[in-house]
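This note's numbering numbers the first residue of the sequence shown as 236 and each following residue consecutively. Each residue gets a CB set at the ideal place from its N, CA and C atoms; glycine is no exception.
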Amino acid sequence: MACELQGRIERVTYSNAENGYSVVQMKVRGERELVTVVGNLMAPTPGEILKMRGAWGNHPRYGRQFKVEHYSTHTPATLYGIERYLGSGLIKGIGPVMARRIVNVHGEKTLEVIDQDAGRLAAVPGIGPKRIEMIRRAWNDQKEIRQVMIFLQEHGVSSAYATRIWKAYGGRAVQVIEENPYRLATDITGIGFITADRIAEKLGFARNSTLRAHAGIVYVLQKASEEGHVYYPLGALMDKCREILGVEDEILDRALVGAVGEKQIVVDEGSEAAGSLQKADSKVYPAALHFCETAVSRRILEFTCGERSWRGVDPGKALEWVEAKLAGITLAEKQREAVQAALLNPLLIITGGPGTGKTTIVNAIVKIFTRKGARILLAAPTGRAAKRLAEATGMEAKTIHRLLSFAPGKGAFQKNAENPLDCDLLIVDEASMIDLVLMHHLLKAVPPSATLILVGDMFQLPPVGPGYPLQGMIQSGVVKVITLKEIFRQASQSLIVVNAHRIHDGKMPVRNLGRGVPEDFYFIEQEEPEEVLRLIIELVGKRIPERFGLDRREEIQVLTPMHKGIVGASNLNLNLQNALNPKGDTLVWGSRSLRVGDKVMQIRNDYDRDVYNGDLGFIERIDRENQEVWILYDGRRVTYDFGDLEEVVLAYAISVHKAQGSEYAAVILPVLTQHYMMLQRNLIYTGVTRARKLAILIGSRRALAMAVRNDRTQRRYSDLVNRLIRNRRGE
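Pasting the structure below:
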């Protein structure tokens with residue numbers, strides 16, 4: 236039976252920012268014990284007063300609860316409530332201690348003072364002008380964010396997006412959404428077309444409007460680029476748009492022409508009239524990707540306009556000299572060919588699997604160019620790969636983003652064609668990770684007189700971003716390529732190396748080499764996902780550290796093919812966090828908990844903070860008063876506001892894709908038939924080659940065999956190969 240209840244929130248037990256579902260403990264008049272209240276509550280805050288309508292019920296496990304159907308929120312009126320409200324972390328600059336001081340001075344008028352005359356806070360011990368301004372700004376921001384929250388809630392959208400929307404549009408947020416809700420799909424990370432479309436429908440936008448069709452086309456292309464495609468065939472694009480939008484072709488045709496006219500998309504020049512729905516094989520690009528693909532193909536042509544010897548260096552004499560400097564190492568024939576090619580070609584690709592001598596070649600090239608007084612730069616896509624390159628060469632190596640000097644204020648790289656890199660030689664390792672957009676920025680920053688060498692393993696997974704430029708260059712035949720296949724004797728003693736090559740060749744890995752010493756590769760057969768989960772926790776927490784002496788946090792990495800499921804990244808992280816870091820200062824943020832000491836990963840490029848997609852770090856401190864979390868990345872402290880924590884996820888387990896370019900002392904990779912959608916040869920190959928000292932596969936032999944046999948990779952729509960060939964022909 237429905238009834239009304241009023242009370243003060245004492246404690247937030249759980250709050251899911253995505254759907255608003257919360258569990259709170261409340262002080263209710265007439266009830267001796269705290270009352271458990273459950274339901275969709277918008278950003279519940281301790282000290283807040285709720286007037287609720289709902290019904291009492293009994294949960295079989297948690298007992299008596301009040302289930303909220305409707306509620307209104309009110310600021311607290313008692314001194315205790317005000318203190319709890321301010322000390323909850325709601326306002327940046329006020330923690331529990333400062334909240335008590337403010338209430339001691341201003342009493343029941345505290346909230347009125349903060350709202351209308353914040354300057355009076357100067358009477359509180361420890362509050363100066365700087366903190367007053369911080370509190371005033373945070374209070375006003377919270378009021379505006381709360382307005383956005385209320386608007387979203389009224390339109391059936393998670394209030395979790397409120398802070399991001401407010402940061403993008405400021406005080407005009409509600410106005411912008413009302414004018415064109417479809418902007419949310421392109422402007423706000425995490426909000427897709429489906430959510431924006433739901434808001435638009437509630438606001439009265441017609442389902443057959445050109446505005447909706449225009450937004451739908453852009454959305455489908457955006458999703459395609461997230462899957463790695465540079466363009467999408469017109470026919471397939473229209474099929475997907477019809478499926479999602481349910482509108483007539485005439486409306487889609489008109490919307491496509493509009494998107495072309497506004498320069499949001501480009502229909503390949505091979506089609507007839509822009510916007511024609513007749514040529515199903517026409518290529519439709521997001522405008523930015525079309526620009527990047529044409530620019531990359533043009534720049535590569537400029538690089539390969541003719542062979543040249545590097546400043547008159549005799550390749551034969553250079554080889555003799557460098558072999559004498561390599562401490563007894565004799566270069567194999569392919570290695571010698573690679574060193575000579577570096578002296579003769581302005582653009583060179585060196586590709587090969589583990590143990591094939593890529594590092595030895597890089598060292599030889601660096602020694603020769605150093606001897607000749609060349610200005611040398613080294614780079615890699617990730618911090619870990621750059622660190623590994625630096626250790627191998629004894630020279631500084633940077634991430635590509637740092638090398639190109641991104642300027643957050645300008646929203647662009649400072650190194651470009653007008654302000655090129657200061658180098659005669661640039662070597663980029665792990666080049667298979669470089670997507671089309673980053674390759675564009677890299678190529679245009681290399682001076683015309685320099686030599687560029689791209690080193691990578693083309694058999695790994697393609698880049699996370701759109702395109703696969705390294706593979707395109709290799710397949711085109713336009714660029715000089717040295718492919719290394721021979722496994723050197725020392726590397727052949729490693730089962731990691733041997734099995735990586737067996738997997739690449741479509742063969743099942745072998746278990747041991749019969750050497751009577753601890754191996755570096757193991758396959759543990761186990762069919763049940765629950766048992767695989769238990770074994771992973773045991774291996775990370777106890778068995779590997781005890782037997783191999785590896786640090787369970789910093790040196791052991793669990794990789795997984797998928798995010799969902801019992802051994803998906805989400806569930807693995809929850810269980811590994813509880814096993815490896817069960818205690819400590821904890822911040823409940825939405826549906827997840829972050830603790831001091833947790834291993835975390837940045838999941839998108841953040842140029843302001845100089846951290847990038849895939850960077851791993853550890854939480855050092857949670858500062859509730861300033862609403863900040865400190866994270867250490869390779870010893871460098873980076874500060875996050877609470878509102879920016881959607882950029883960070885737990886990283887005890889990560890996807891194989893996110894591990895590209897990184898290397899770990901030990902890797903554990905579950906392989907089960909429930910992963911069948913992702914069971915591909917290059918995924919297992921990439922996972923195994925991330926291990927330096929120890930690789931452990933756990934799961935089903937059948938699933939592993941499925942993966943090893945499956946060498947079909949998802950096609951990525953890109954025209955780079957054809958552009959390169961046409962450019963070479965002068966077409």
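6 Å Cβ shell around Ile244 - same chain, five flanking residues per side excluded: Closer than 6 Å at Cβ, skipping near neighbours: Val259, Met261, Pro279, Pro281 and Glu283.
Cutting at 7 Å between CB atoms, please list the residues of its own chain near Ser640, excluding the five before and the five after it. In chain order, Phe648, Gln649 and Lys650 place their CB closer than 7 Å to the CB of Ser640, counting only its own chain and leaving out the 5 sequence neighbours on each side.
Thinking just about the alpha-carbon of each residue, which of Leu469, Lys378, Leu346 and Val891 is nearest to the one in Ala926? Ranking the options by Cα distance to Ala926, first place goes to Val891.
Delimiting residues of the alpha helix (DSSP H) encompassing Ser323: From DSSP, Ser323 is part of no alpha helix (DSSP H); its letter is neither H nor E.
Anticipated Cβ contact below 8 Å, Glu665 with Pro589, distance rounded: That belief does not hold up - the Cβ atoms of Glu665 and Pro589 are roughly 12 Å apart, past 8 Å.
So the candidates are Asp474, Leu469 and Lys475; which of them puts its Cα closest to the Cα of Val972? This structure leaves residue 972 out entirely; the chain is present only between 236 and 966.
Measure the beta-carbon distance from Phe301 to Leu240 and round it to whole angstroms, keeping in mind my assumption that it falls under 8 Å. Taking 8 Å as the upper bound for CB-CB distance, Phe301 and Leu240 are in contact here, some 6 Å apart.
Is it a yes or a no for the segment 763 to 781 touching the segment 860 to 877, going by three-plus beta-carbon pairs under 8 Å? The count of Cβ pairs closer than 8 Å, one atom from the segment 763 to 781 and one from the segment 860 to 877, stays below three, leaving the stretches out of contact.
Count the other CB atoms, across all protein chains shown, that sit within 10 Å of the CB of Arg534; report buried if there are 16 or more and exposed otherwise. Arg534 is buried by the Cβ-count criterion.
Which first and last residues belong to the alpha helix (DSSP H) in which Gly242 is found? Here Gly242 belongs to no alpha helix (DSSP H); instead the beta strand (DSSP E) covers Cys238 to Ser250.
Check Tyr757 in the structure and name its three-state DSSP category. Three-state DSSP puts Tyr757 in a strand.
Taking all protein chains shown into account, decide if Val272 is buried (16 or more other Cβ within 10 angstroms of its Cβ) or exposed. Buried is the call here.
Please identify the residue among Asp488, Cys238 and Val247 whose C-alpha is closest to the C-alpha of Val823. Checking every option, the nearest Cα to that of Val823 belongs to Val247.
The alpha helix (DSSP H) enclosing Thr595, as first and last residue numbers: Residues Lys593 to Arg606.
Per DSSP, cross-strand counterpart(s) of His294: Bridge partners of His294: Gly298.
Check this for me: beta carbons of Asp692 and Gly587, under 9 Å apart or not? Against a cut-off of 9 Å, the Cβ pair of Gly587 and Asp692 comes out as a contact.
Please name the residue in Leu387, Glu765 and Gly832 whose C-alpha comes closest to that of Asp432. Nearest neighbour of Asp432 by Cα position, chosen from Leu387, Glu765 and Gly832, turns out to be Leu387.
Could you tell me which residues DSSP pairs with Glu765 in its beta bridges? BP columns for Glu765 are empty, so no partner.
For Ala886, collect the residues of the same chain with a Cβ closer than 7 Å to its Cβ; drop the 5 residues on either side in sequence, then sort them by chain order. Counting only Cβ-Cβ distances below 7 Å, and skipping sequence neighbours, we find Lys834, Val835, Met836 and Leu851.
Taking only runs of the alpha helix (DSSP H) that begin and end inside the segment 927 to 954, which ones reach a length of at least 4 residues, in chain order? Listed in chain order, the complete alpha helix (DSSP H) runs (minimum 4 residues) inside the segment 927 to 954 are 936 to 944.
Restricting to runs no shorter than 3 residues, where is the beta strand (DSSP E) found entirely within the segment 768 to 804? Qualifying beta strand (DSSP E) stretches, in chain order: 791 to 795.
Taking only three categories from DSSP, how would you classify Asp876? Collapsing the DSSP output to three states places Asp876 in a strand.
In the DSSP assignment, the alpha helix (DSSP H) including Gly922 goes from what residue to what residue? DSSP places Gly922 in the uninterrupted alpha helix (DSSP H) bounded by Arg916 to Thr924.
What's the gap between the Cα of Met426 and the Cα of Arg746? Residue 426 is actually Ile in this sequence, not Met. Straight through space, the alpha carbons of Arg746 and Ile426 are spaced by roughly 46 Å.
9 Å is my cut-off, CB to CB: does Ala573 come that close to chain D? Considering every chain present, this structure includes no chain D. It has just one protein chain.
Beta-carbon separation (whole angstroms), His636 vs Tyr847, contact threshold 8 Å: Between Tyr847 and His636 the Cβ distance is about 6 Å, and since that is below 8 Å, they are a contact.
Contacts around Ala509, its chain only, beta-carbon distance under 6 Å, and the 5 residues preceding and following it disregarded: Legend: pLDDT at Ala509 = 44, less than 50; position of this residue unreliable, value from coordinates given subsequently. For Ala509, where only same-chain residues beyond five positions count, the Cβ hits under 6 Å are Val495 and Val502.
Bridge-paired residues (DSSP) for His305: DSSP output for His305 lists Arg288 as bridge partner(s).
Contacting residues, own chain, Cβ-Cβ under 8 Å from Arg872 (five flanking each side not counted): Excluding sequence neighbours, Arg872 sits near Glu855, Trp865 and Ile866.
With a threshold of 16 other CB atoms inside 10 Å of the CB of Gly242, please say whether the residue is buried or exposed. Result: buried.
Secondary structure at Pro683, three-state DSSP: helix, strand or coil? Shown here, Pro683 sits in coil according to DSSP, grouped into three states, outside any helix or strand.
Count the other CB atoms within 10 Å of the CB of Pro295; is the residue buried (16 or more) or exposed (fewer)? Exposed.
Same chain, Cβ closer than 7 Å to Arg623, neighbours up to 5 away in sequence not counted: Cβ neighbours of Arg623 beyond the five flanking positions: Glu898.
Taking just the CA atoms, how far does Asp841 sit from Leu880? Between Leu880 and Asp841, the C-alpha separation is close to 12 Å.
So what's Ala632 in DSSP terms, helix, strand or just coil? Here Ala632 sits in coil by DSSP.
Rounded C-alpha distance that separates Arg381 from Gly274: Cα to Cα, the separation comes out at about 18 Å.
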